[in-house]
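A.B. asks: First the structure, which I've put down as structure tokens, then a few questions once you've had a look.
Structure, rendered in structure tokens:
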């Protein structure tokens, strides 16, 4: 996802302009500058693109190390999941045994 307005360093005056600072699709799809890739007819020109298309565009336009960035993303995702394991275990226990909801630890 891409912002629908050119990024400018946040200031007191522009910090409320969400479409400049956030890539959240739900926010940017409401912008008059939003470009739907299906309507535009070109996957590399829309406000929302597949990650594979984004990577191929970066490789085409620069000396971007595609594999290194993919490895870093995978590593970050793994670390995030590992960090969440205790919370997921506790949540799944509560979901499988609702009586545990009454117990406070």
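Numbering (this note's numbering), first residue to last: 67 to 171. The beta carbon of each residue, even a glycine, is placed where N, CA and C say it ideally should be.
For residue 149 and residue 97, what's the separation of their Cα atoms in angstroms?
C.D. replies: Indexing the chain shown from 1 puts residue 149 at position 83. Indexing the chain shown from 1 puts residue 97 at position 31. Between residue 149 and residue 97, the C-alpha separation is close to 35 Å.
A.B. asks: Helix, strand or coil for residue 21, going by three-state DSSP, please let me know.
C.D. replies: No answer is possible for residue 21: it lies beyond the span of the chain, which begins at 67 and ends at 171.
A.B. asks: Where residue 144 and residue 121 are concerned, what is the direct C-alpha to C-alpha distance, given to the nearest angstrom?
C.D. replies: Counting from one through the chain shown, the residue named residue 144 turns up at place 78. Counting from one through the chain shown, the residue named residue 121 turns up at place 55. Answer to the nearest angstrom: the Cα atoms are 20 Å apart.
A.B. asks: Can you have a look at residue 81 and say buried or exposed, based on whether 16 or more other CB atoms are within 10 angstroms of its CB?
C.D. replies: Walking along the chain shown from the start, residue 81 turns up at place 15. So residue 81 counts as exposed.
A.B. asks: Report the CB separation of residue 112 from residue 99 in whole angstroms; it is logged as a contact under 8 Å.
C.D. replies: For the purposes of this step, residue 112 is identified with residue 46 of the chain shown, where counting begins at 1. For the purposes of this step, residue 99 is identified with residue 33 of the chain shown, where counting begins at 1. So it is not a contact: roughly 11 Å between Cβ atoms.
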